[in-house]
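The numbers in the UniProt record's numbering rise by one with no breaks, and the one at position 31 of the sequence shown is 31. The beta-carbon is built from N, C-alpha and C at its ideal position, and this holds for glycine as well.
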Amino acid sequence: MTLKRKIAINVSIAFSILFGLAATYIYISFSNFRKEEFKDRLTEKALTTAKLLLEVKEIDNTILKLIDQNTINKLYNEKTLVFDGQYKLVYQSLDDSKIKYTKDDLVRLNNEKSFYKVNGDQELLGIYLPFENTDYYVLISAQDKYGYSKMQYLLYSLIITYIISITLVWLLTYFFIKKLLQPLDEFQKTITTISANALNIHLVENQSHDEINLLTKAFNQMLNRLEFSFNTQKEFTSNASHELYTPLTRISLQLENLMNAGNHPPETEQYLKNINNDVHQMADLINSLLLLAKLNQDEIGKKLETLRVDDLVFDAYSQMQRNFPDFTMHFELEDNEAVDNAFEIHGFKSLLQIVIVNLLKNAYLYSEDKKATVLIQQPDASTTLVTVKNSGKTLTAEEQHKLFQPFARGENSANIHGSGLGLRIVKRILDFHGAEIQYTADGKTNQFQIVFSA
């Protein structure tokens with residue numbers, strides 16, 4: 001999940017919770033207000049009826065019922081009962097409504113002086129009223145039809161407002177967060193184009209003082225330091241390799257001239273050959289280091305070529321034949337008639353030539369019969385496979401894990417001269433071309449497979 005979505009979701013959830021709590025508080029507060037207001041209306045109506053009955057002598061029950069029935073502020077389904085101190089009914093309003101009560105309610109009223117309870121849709125209020133040394137108990141019941149109607153309207157309004165508000169908040173929050181963090185998207189796009197060969201690309205800075213611009217400035221400063229370090233390292237490697245390679249070349253020429261002069265004892269001849277081999281090994285090591293240092297730097301600006309893999313293999317074989325005349329190669333080609341432009345890949349010929357030569361050289365040096373088997377396949381239009389096999393001692397699991405690391409050498413290379421950089425160079429070149437290489441061992445067969453993807 002992206003940072004924009006996380007922020008938008010968290011803000012929206014926080015607002016949803018706060019708005020939900022506020023809406024709940026409003027609804028509960030209005031519910032309590034309705035209850036207290038209706039209770040006050042019941043109290044006022046009960047006291048008015050009782051005072052007319054007890055204090056105005058000219059009003060009898062019949063007249064009071066008529067007044068009660070035609071009052072302007074009559075409550076919905078209202079019913080009023082008045083009892084004397086003996087719990088005897090002395091008055092009831094003229095209507096068909098009924099009050100659900102028991103004698104225990106009157107006893108409770110005598111003890112508590114008032115009570116209020118809800119029976120279904122009816123709300124019942126009891127009041128104790130002393131008058132001229134006589135106790136009276138008034139029970140009044142009614143339905144708050146309009147109050148509940150207002151509460152229902154408020155509930156629907158809050159729900160609709162909540163849904164609309166939350167939807168708008170989610171959309172607007174995501175929109176504004178996306179706009180606010182747009183510099184981070186540009187930051188990410190620019191970073192993906194930066195590599196060891198493109199450290200001169202810098203992020204666009206502005207005049208604002210926000211955290212994103214400060215991060216941009218810090219990142220550009222880091223790129224400057226990295227570019228300086230990389231250039232210094234490459235320059236040192238290139239110069240050092242060149243300065244070391246030149247005297248080694250001179251030493252090698254002098255040794256060859258000395259050996260060609262002849263008239264040396266056999267023991268001296270062998271020493272000279274060993275020294276010459278060591279010099280060549282050191283020269284190969286320096287050349288490998290130089291190639292690793294300059295690989296991307298020299299080739300990055302060039303245009304990829306369209307190459308045939310089989311041509312690369314035969315060119316590499318010709319080079320191997322010049323250096324190792326006893327080397328033989330068994331070549332197999334599995335053609336796929338459904339694929340146009342068969343066995344064509346895109347890359348740099350000079351670099352891919354190094355890959356094939358290194359694999360053939362490994363097959364020659366580490367095989368029992370000085371022979372390599374090369375198989376080229378193209379299962380589909382976007383994939384080309386190059387497999388190089390040789391018979392010989394295979395690598396252990398631990399050695400396979402370190403196979404493409406610099407200076408890695410297995411037990412099967414104990415008596416073979418080498419720098420341990422060949423496969424590292426192969427891996428670097430293939431990574432540069434977006435290709436993959438895999439090693440597998442089957443019995444006494446070593447197999448390297450290169451996968452070129454279009």
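- Item | 8 Å contact criterion, which residue 345 and residue 452 should meet: CB distance rounded | Residue mapping note: residue 345 aligns to position 345 of the sequence shown, counting from 1. Residue mapping note: residue 452 aligns to position 452 of the sequence shown, counting from 1. About 5 Å separates the two Cβ atoms, so the contact holds.
- What are the start and end residues of the alpha helix (DSSP H) that includes residue 359? One-based indexing of the sequence shown puts residue 359 at position 359. Its alpha helix (DSSP H) spans residues 349–365.
- Task: Could you check the C-alpha separation between residue 72 and residue 127 for me, to the nearest Å?
- Result: Within the sequence shown, numbered from 1, the residue matching residue 72 stands at position 72. Within the sequence shown, numbered from 1, the residue matching residue 127 stands at position 127. The predicted position of residue 72 is uncertain, since its pLDDT is 44 and thus under 50; no value can be drawn from it.
- Could you tell me whether the Cβ atoms of residue 386 and residue 429 are closer together than 7 Å? The residue given as residue 386 occupies position 386 in the sequence shown. The residue given as residue 429 occupies position 429 in the sequence shown. Contact flag unset, no.
- Message: In the DSSP assignment, the alpha helix (DSSP H) including residue 381 goes from what residue to what residue?
- Response: Numbered from 1 along the sequence shown, position 381 holds the residue referred to as residue 381. Looking at the DSSP string, residue 381 is not in any alpha helix (DSSP H), and its letter there is neither H nor E.
- Task: Evaluate residue 144 with the Cβ neighbour count: other Cβ atoms within 10 Å of its Cβ, from every protein chain shown; 16 or more gives buried, anything less gives exposed.
- Result: As a position in the sequence shown, residue 144 is number 144, starting the count at 1. Burial call: buried.
- Message: Just to confirm the assignment, what range does the beta strand (DSSP E) spanning residue 241 have?
- Response: Within the sequence shown, residue 241 is the residue found at index 241, counting from 1. Taken as a continuous stretch (DSSP letters only), residue 241 belongs to no beta strand (DSSP E), being part of the alpha helix (DSSP H) at 211–261.
- Going straight from the alpha carbon of residue 188 to that of residue 218, what length do you get? Here residue 188 refers to the residue found at position 188 of the sequence shown. Here residue 218 refers to the residue found at position 218 of the sequence shown. Computed Cα separation, rounded: 15 Å.
- Could you tell me whether the region 167–181 touches the region 26–40, using the rule of 3 or more Cβ pairs below 8 Å? no
- Message: Pull the bridge partners of residue 82 from the DSSP assignment, please.
- Response: Translated into positions along the sequence shown, residue 82 becomes position 82. The partner list for residue 82 (beta bridge, DSSP) reads 91 and 138.
- From the DSSP output, which residues share a beta bridge with residue 391? If you number the sequence shown from 1, residue 391 lands on position 391. 445.
- Query: Can you pull the DSSP bridge partners for residue 331?
  - Reply: The residue labelled residue 331 in the question sits at position 331 within the sequence shown. 374.
- Item | Helix, strand or coil at residue 143 according to DSSP, with G and I counted as helix | Residue numbering aside, residue 143 sits at position 143 when the sequence shown is read from its first letter. Three-state DSSP puts residue 143 in a strand.
- For residue 346, which beta-bridge partners are listed by DSSP? Translated into positions along the sequence shown, residue 346 becomes position 346. Beta-bridge pairing links residue 346 to 306.
- Message: Excluding the 5 residues flanking residue 317 on each side, which residues of the same chain have their C-beta closer than 6 Å to its C-beta?
- Response: Numbered from 1 along the sequence shown, position 317 holds the residue referred to as residue 317. Excluding residues within five positions, the ones whose Cβ falls inside 6 Å are 329.
- Item | Straight-line Cα distance separating residue 48 from residue 75 | Within the sequence shown, residue 75 is the residue found at index 75, counting from 1. Within the sequence shown, residue 48 is the residue found at index 48, counting from 1. Going from the Cα of residue 75 to the Cα of residue 48 covers about 13 Å.
- Message: Helix, strand or coil for residue 72? Go by DSSP, reduced to three states.
- Response: Reading the sequence shown from its first residue, position 72 is the one you call residue 72. The predicted position of residue 72 is uncertain, since its pLDDT is 44 and thus under 50; a value taken from the coordinates is nonetheless stated next. Three-state result, residue 72: coil.
- Give a yes or no on contact between the region 198–212 and the region 220–238, applying the rule of three or more CB pairs nearer than 8 Å. yes
- Message: Checking the sheet assignment: what are the DSSP bridge partners for residue 125?
- Response: Translated into positions along the sequence shown, residue 125 becomes position 125. Residue 125 is bridged to 116 and 140.
- Residue(s) in a DSSP beta bridge with residue 452: The residue labelled residue 452 in the question sits at position 452 within the sequence shown. Answer is 384, bridged to residue 452.
- Query: So, is residue 134 buried or exposed, given that buried needs 16 or more other C-beta atoms within 10 angstroms?
  - Reply: The residue given as residue 134 occupies position 134 in the sequence shown. Residue 134 is exposed by the Cβ-count criterion.
- How big is the Cα-Cα spacing for residue 371 and residue 327? In the sequence shown, residue 371 corresponds to position 371, counting from 1. In the sequence shown, residue 327 corresponds to position 327, counting from 1. Answer to the nearest angstrom: the Cα atoms are 6 Å apart.
- Touching or not, the region 438–449 and the region 379–399, by the rule of three or more beta carbon pairs under 8 Å? yes
- Task: Using 10 angstroms around the beta-carbon of residue 437, count the other beta-carbons present and answer buried if the total reaches 16, otherwise exposed.
- Result: Within the sequence shown, residue 437 is the residue found at index 437, counting from 1. Residue 437 is buried by the Cβ-count criterion.
- Message: Our contact map puts residue 147 next to residue 38 with C-beta atoms below 8 Å; I'd like the distance itself, whole angstroms only.
- Response: On the sequence shown, position 147 is the one that residue 147 refers to. On the sequence shown, position 38 is the one that residue 38 refers to. Between residue 38 and residue 147 the Cβ distance is about 6 Å, and since that is below 8 Å, they are a contact.
- Query: What three-state label does DSSP hand residue 101 in the structure shown?
  - Reply: Translated into positions along the sequence shown, residue 101 becomes position 101. Coil, per DSSP.
- Could you tell me which residues DSSP puts in a beta bridge with residue 511? Lying outside 1 to 454, the shown extent of the chain, residue 511 is not represented and no answer is given.
- Task: Indicate whether residue 201 and residue 192 have their beta-carbon atoms separated by less than 7 Å.
- Result: Indexing the sequence shown from 1 puts residue 201 at position 201. Indexing the sequence shown from 1 puts residue 192 at position 192. Going by C-beta atoms, residue 201 is not nearer than 7 Å to residue 192.
- Query: Which term fits residue 362, buried or exposed, when burial requires 16 or more other beta carbons within 10 angstroms of its beta carbon?
  - Reply: Here residue 362 corresponds to residue number 362 of the sequence shown, with the count starting at 1. Looking at its Cβ environment, which holds 16 or more other Cβ atoms inside 10 Å, residue 362 is buried.
- Sub-7 Å separation of residue 116 and residue 125 beta-carbons: Within the sequence shown, numbered from 1, the residue matching residue 116 stands at position 116. Within the sequence shown, numbered from 1, the residue matching residue 125 stands at position 125. Yes, the Cβ-Cβ distance between residue 116 and residue 125 is below 7 Å.
- Message: Could you pull the DSSP bridge partners for residue 130 from this structure?
- Response: As a first step, residue 130 must be located in the sequence shown, where it is residue number 130. Paired residue(s): 135.
- Query: Quick one: Cα of residue 9 to Cα of residue 3, how far?
  - Reply: Locating residue 9 in the sequence shown gives position 9, counting from the first residue. Locating residue 3 in the sequence shown gives position 3, counting from the first residue. One C-alpha to the other measures close to 10 Å.
- Message: If you measure between the beta carbons of residue 358 and residue 434, is that distance less than 7 Å?
- Response: Translated into the one-based positions of the sequence shown, residue 358 becomes position 358. Translated into the one-based positions of the sequence shown, residue 434 becomes position 434. No, the Cβ-Cβ distance between residue 358 and residue 434 is not below 7 Å.
- Task: Classify residue 200 as helix, strand or coil using the three-state DSSP reduction.
- Result: Against the sequence shown, residue 200 aligns to sequence position 200. Looking at residue 200 - three-state DSSP - the assignment turns out to be coil, as it is neither helix nor strand.
- From residue 290 to residue 251, what distance separates their C-alpha atoms? Counting from 1 along the sequence shown, the entry for residue 290 is found at position 290. Counting from 1 along the sequence shown, the entry for residue 251 is found at position 251. Residue 290 and residue 251: Cα-Cα distance of roughly 19 Å.
- Task: Report the three-state DSSP secondary structure of residue 299 (helix, strand or coil).
- Result: Taking the first residue of the sequence shown as 1, we reach residue 299 at position 299. In this predicted model, residue 299 has a pLDDT of only 49, less than 50, meaning its place in the structure is not dependable enough to derive any value.
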